[in-house]
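Take a look at the structure set out below.
Numbering (my numbering), first residue to last: 85 to 234.
Written out as structure tokens, the structure reads:
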């Protein structure tokens, strides 16, 4: 029996990029693999940020979704601009994109990050919330201003 997907919206992120780095670090420490979905430009920025997040001594291991299968399998964080069937990790999906991802049911948990001050991003998040709700998901809400994240 498959465990149903849980969906959480993390609101008021001062920087979606910095939040994605923090979450990747946290999940790597917990040995939980992560797939990050975003627009190609965001994926490129995140790829670069993960190389130096927290200083040179805190490299966060990751790869892009077009890496060789053995690299994908070993990488704790995989960055993609499209969800492919070949992705080895299905525990946590972090969506940094504007649209609700297709086939979220293959992931154990989906985290949607919402900017603190980008009104367009907030409007897109509301549309994603409505789409998840219409599919019957109970959505967790986490206000990042109220609860800081390591």
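The C-beta atom is built at its ideal place from N, Cα and C for all residues, glycine as well.
Every value quoted in this text rests on a predicted model; they were computed, and no experiment measured them.
Cβ neighbours of residue 221 within its own chain (closer than 6 Å, five residues either side excluded): 91. Straight through space, the alpha carbons of residue 120 and residue 178 are spaced by roughly 5 Å.
For residue 205, the enclosing alpha helix (DSSP H) covers residues 203 to 218.
Listed in chain order, the alpha helix (DSSP H) runs fully inside the stretch 108 to 188 are 124 to 136, 153 to 158, counting runs of at least 4 residues. Approximately 5 Å separates the beta-carbon atoms of residue 96 and residue 228; this is inside 8 Å, confirming the contact. For the pair residue 157 and residue 182, the CB atoms are not nearer than the 7 Å cut-off. Contact between the stretch 116 to 136 and the stretch 159 to 176 is present: three or more C-beta pairs spanning the two stretches fall below 8 Å.
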